[in-house]
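Residues in the sequence shown are numbered consecutively from 0, following numbering that gives the first Met the number 0. Virtual Cβ for every residue (Gly too), placed ideally from N, Cα, C. Only a predicted model underlies this, so the values are computations on that prediction, with no experimental measurement involved. What follows is a single structure, written as structure tokens, with notes after it.
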Amino acid sequence: MAGATQIPCPPQDLSRWDKLFIMLEDYQMKQDMLLQQNEDMVKAEMDSIRRELHKHNNNNVCVQASENTCKCISEQMNRNLNQAMDQLREATDMYQAHNNETLQQLIQYSRNQATHLTMAMKSFSTYPKEQEASNADGGKLERALMATVADLQRVHAQLALFQRATAHRFLPSGCEMALLFPMRSKHIFVEVTPSMSMSLQSFTICLWAKVTQSLNKTVLFSYGTKKNPQELQLLLARNSLLLTVGGETHLVEAHSVVTDGQWGHFCAAWSSEQGLATLWVNGENVAKVPGVAEGHVLPGNGFILLGQERSRSGIYRDMDSSVAFTGKMTGVNMWNHMLDAGRIKEYADQGGYCDSRGNVIGWGVSEIIPHGGAQYIN
């Protein structure tokens, strides 16, 4: 109707962003007003000083007094200005803190909204009959997801293959080379020349070994003389580890400690005093027996073999293939004393370093010569 009064649109509620901008404008306006007020005060005081100077231009005392007055006024104005600036800084800090808090709240709100939207879309897609228009897009999405799953499965298979290949070439404790015994044969063995006499009253032998298959008797380390070809032996027997000193009658055994196809750290220690003998697997003490060859002294001038034992005839062709070791061996060391538990645990660390060497046999230092088909690998 022509005579009707026009009703204005109802005001809309201000959003957080509107309030934020209004606060910013108010803050800027207050700052400009305060600066303008200070500037006007300075101008007024300076005009007053100039008028006083003109009145007393010929009076030196008055001039001096005016200068002093000017200095006092200037100092007062500086103090007022500094105080005003401090108030402005405090207001700015409070405003900035409030601004950051508001911004964080808005960011969190947007994240919550995005999460709710994603959940809603998932729920929305569970009603295919009501959403026939989205079937085409849903089909494309499903095909893309299936392709992604197939790609992930291929990557997983390749990663598993790479891990198996890496594990096959892996050498423990950071060793850069190992001895390979490719098959069970009487012609395949390794001969070791010790760095000192084997006439010992105590010893510790440590080595890493990965046996392909352990039989009833599989030789890791053997020391023999013409009188006793099996003077000292470190053996595997299926899943057991054995140590003999001075002959097979002096035996120490630990059961269920060996697994075919896996690297293991094996140590044997013995002392003539009280005949104490211990066996260690992967840094753990698995056997401790006193009275083993008590008072015995290993004879010198013998032969050390890895992966095989000396025949009673002393002729290589008479060796027994059934006791031959097949697999890999590294980090072979021997000391002329019993190592403490801490040292053995340290040497059994697969992520350690292969630079700890015995003083009787030192891996990478002593003369260790493969024979037959045995060879060094890295």
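Opening and closing residue of the beta strand (DSSP E) in which residue i lies
| i | result |
| --- | --- |
| Lys-287 | 283-288 |
| Gly-223 | 217-223 |
| Tyr-375 | 374-376 |
| Glu-252 | 250-253 |
| Glu-366 | 366-370 |
| Ala-292 | Note, Ala-292: premise wrong, no beta strand (DSSP E); not H, not E. |
| Gln-307 | Run containing Gln-307: none; DSSP gives neither H nor E here. |
| Leu-231 | 231-236 |
Alpha-carbon spacing of residue i relative to residue j, whole angstroms
| i | j | result |
| --- | --- | --- |
| Ala-373 | Val-322 | 15 Å |
| Ser-47 | Gln-86 | 28 Å |
| Asn-281 | Val-191 | 24 Å |
| Tyr-315 | Val-189 | 12 Å |
| His-370 | Ile-360 | 18 Å |
| Ser-201 | Ser-270 | 4 Å |
| Cys-247 | Gln-232 | Note on identity: in this sequence residue 247 is Glu, with Cys being the wrong assignment. Looking at the two C-alpha atoms, the distance is approximately 9 Å. |
| Pro-298 | Glu-230 | 8 Å |
| Glu-100 | Arg-110 | 15 Å |
| Gln-75 | Met-32 | 20 Å |
| Gly-138 | Leu-151 | 20 Å |
| Val-257 | Val-148 | 39 Å |
| Ile-343 | Phe-324 | 23 Å |
| Leu-275 | Lys-226 | 24 Å |
| Leu-179 | Ser-221 | 17 Å |
| Gln-261 | Ala-143 | 41 Å |
| Gly-363 | Met-145 | 53 Å |
| Met-40 | Glu-89 | 23 Å |
| Lys-42 | Gln-103 | 44 Å |
| Met-333 | Arg-153 | 47 Å |
| Gly-294 | Ser-184 | 36 Å |
| Met-318 | Ile-187 | 10 Å |
| Lys-209 | Asp-259 | 7 Å |
| Gly-245 | Gln-273 | 15 Å |
Neighbourhood of residue i by C-beta distance below 6 Å, restricted to the same chain and skipping five residues each side
| i | result |
| --- | --- |
| Arg-309 | Gly-223, Pro-228, Phe-302 |
| Tyr-352 | Gly-173 |
| Ala-177 | Leu-170, Lys-327, Thr-329, Ile-376 |
| Ile-368 | Glu-190 |
| His-264 | Trp-207, Asn-281, Ala-347 |
| Trp-279 | Cys-266, Ile-343 |
| Arg-311 | Pro-228 |
| Leu-338 | Thr-203 |
Minimum Cβ-Cβ distance from residue i to chain B less than 8 Å
| i | result |
| --- | --- |
| Glu-44 | Note that chain B does not occur in the displayed structure, where there is just one protein chain. |
Opposing strand residues paired with residue i [DSSP bridges]
| i | result |
| --- | --- |
| Val-280 | Phe-265, Glu-283 |
| Gly-326 | Phe-180, Val-210 |
| Cys-205 | Cys-266, Asn-332 |
| Thr-192 | Glu-366 |
| Phe-169 | The partner list for Phe-169 (beta bridge, DSSP) is empty, contrary to what the question assumes. |
| Ala-149 | DSSP output for Ala-149 lists no bridge partner at all. |
| Ile-303 | Val-191, Tyr-222 |
| Ile-360 | Met-333 |
For residue i, three-class secondary structure by DSSP
| i | result |
| --- | --- |
| Ile-314 | coil |
| Leu-140 | helix |
| Ile-48 | helix |
| Leu-242 | strand |
| Ile-187 | coil |
| Glu-247 | coil |
| Asp-354 | coil |
| Cys-174 | coil |
| Asp-85 | helix |
| Gly-274 | helix |
| Thr-258 | coil |
| Met-40 | helix |
| Asn-111 | helix |
| Met-32 | helix |
| Ser-320 | helix |
| Asn-79 | helix |
| Asn-67 | helix |
Nonlocal neighbours in the same chain, by C-beta distance under 8 Å from residue i, ignoring five residues either side
| i | result |
| --- | --- |
| His-254 | Asn-238, Ser-239 |
Residues of its chain near residue i, where Cβ-Cβ distance is below 7 Å and the 5 sequence neighbours each way are ignored
| i | result |
| --- | --- |
| Ser-249 | In the sequence on display, residue 249 carries His and not Ser. Excluding sequence neighbours, His-249 sits near Thr-243, Val-291, Ala-292. |
| Leu-234 | Lys-216, Thr-217, Val-218, Leu-219, Leu-241 |
| Glu-345 | Gly-351 |
| Thr-277 | Ala-268, Asn-284, Ala-286, Lys-287 |
| Gln-35 | none |
| Gly-357 | Asn-332, Met-333, Trp-334 |
| Ile-204 | Phe-220, Leu-233, Cys-266, Ala-267, Met-333 |
Range covered by the alpha helix (DSSP H) that runs through residue i
| i | result |
| --- | --- |
| Glu-345 | 340-346 |
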